[in-house]
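Chemist: Here it is, the structure in full.
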Amino acid sequence: MGYGDRNFRGGQGGQGGRGRFDGPREMHKATCADCGKECEVPFKPSGERPVYCRDCYQKHKPKKNRF
Ligand SMILES: [Zn+2]
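With the numbering used here applied, the sequence shown covers 7 to 73.
This is how it looks when you write it as structure tokens:
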């Protein structure tokens with residue numbers, strides 16, 4: 007017997023209070039682990055995790071699965 011479990015509703019609205027945040031951000035130079043070009047990241051690269059430039063980050067960031 008198969009009962010589809012489609013009883014959940016995913017998320018509610020897309021209204022977050024997160025807009026743009028002004029303020030100085032410390033940028034750290036890093037080398038993109040994908041294309042190898044220099045980039046700056048708003049966090050300190052630990053060396054354990056690959057750092058991606060903006061373009062590559064778009065490719066590597068997890069996608070949201072929406073039905
Ligand atoms: Zn890159």
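Where is the CB? At the ideal position from N, CA and C, for every residue including glycine.
Whole angstroms are fine: how far does the CA of Pro51 sit from the CA of Lys35?
Modeler: Taking the straight line from one Cα to the other gives about 8 angstroms.
Chemist: Select from Cys41, Met33, Glu32 the residue whose C-alpha is nearest the C-alpha of Asp61.
Modeler: Cys41
Chemist: Could you give the DSSP three-state label for Pro65: helix, strand or coil?
Modeler: Rather than Pro, the amino acid found at residue 65 in this sequence is Lys. Reduced to three states, the DSSP call for Lys65 is helix.
Chemist: If we ignore side chains and look at the alpha-carbon of each, how far apart do Cys59 and Arg72 end up?
Modeler: Looking at the two C-alpha atoms, the distance is approximately 26 angstroms.
Chemist: Relative to the C-alpha of Ala39, which candidate in Glu32, Tyr63, Met33 has its C-alpha closest?
Modeler: Taking only the C-alpha atoms, the option nearest Ala39 is Tyr63.
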